[in-house]
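Chemist: Quick one: the structure is below, questions incoming.
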Amino acid sequence: FGYEAILQNLTQIEERVFANADTAIVRQIRSIPDFLVIKNKNPMFVEVKYFSSLSSFPYRRFKSSRDLIEQLARINQFWKAKVIFVTPKPPFFLASDPPYYQSNKLVFHPLLEDNDLEIPQEVLKDCGLLVEKYYPISNSRE
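Counting along the sequence shown from 1, when you hit position 77 you're at 82 in the working numbering, and nothing is skipped either side.
What follows is the structure, given as structure tokens:
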């Protein structure tokens, strides 16, 4: 669902038009979530973020990650999306709901325990095997 997928013409002209633009509309377009999930006739936005460094996620404080704070703030402001963090270490998938953090600390739970998406354990296990295969810990930066 992300802007790269639904606004293909924008991605083609992004460098020329958006390169130096920092307006509310540009920030909103760039923060369009990756997926639109419809469950029981209820739509929800889902953003996916990958973290290769085991030492920086999920225990880092936001002070050291201004870019992530800003991204999450935009996602919260414009979309109120659920964010799924993918890491190279089990449980591989962690979910966070707006406002995403409390007391400068990210609030998350294993995706298996997420009541909104209710993804079956077998599916998460299969997807975890793909994470292990394509994003092994040895490739992550510590």
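Just so you know, even glycine gets a beta-carbon here, dropped at the ideal spot from N, CA and C.
Considering only their Cβ atoms, is the gap separating residue 98 from residue 129 smaller than 8 Å?
Modeler: In contact: residue 129 and residue 98 (Cβ atoms closer than 8 Å).
Chemist: By DSSP's criteria, residue 113 is part of a beta bridge. Which residues make up the other side?
Modeler: Its beta-bridge partners do not exist; DSSP assigns none.
Chemist: Strictly by DSSP, which residues pair up with residue 42?
Modeler: Residue pairing for residue 42: DSSP places it in a beta bridge opposite 49.
Chemist: Is the CB of residue 48 under 8 Å away from at least one CB in chain D?
Modeler: Here there is only one protein chain, and chain D is not present.
Chemist: May I ask you to report which of helix, strand or coil DSSP gives residue 130?
Modeler: helix
Chemist: For residue 100, name the three-state secondary structure that DSSP assigns.
Modeler: strand
Chemist: Residue 6 and residue 54: beta carbons closer than 8 Å?
Modeler: no
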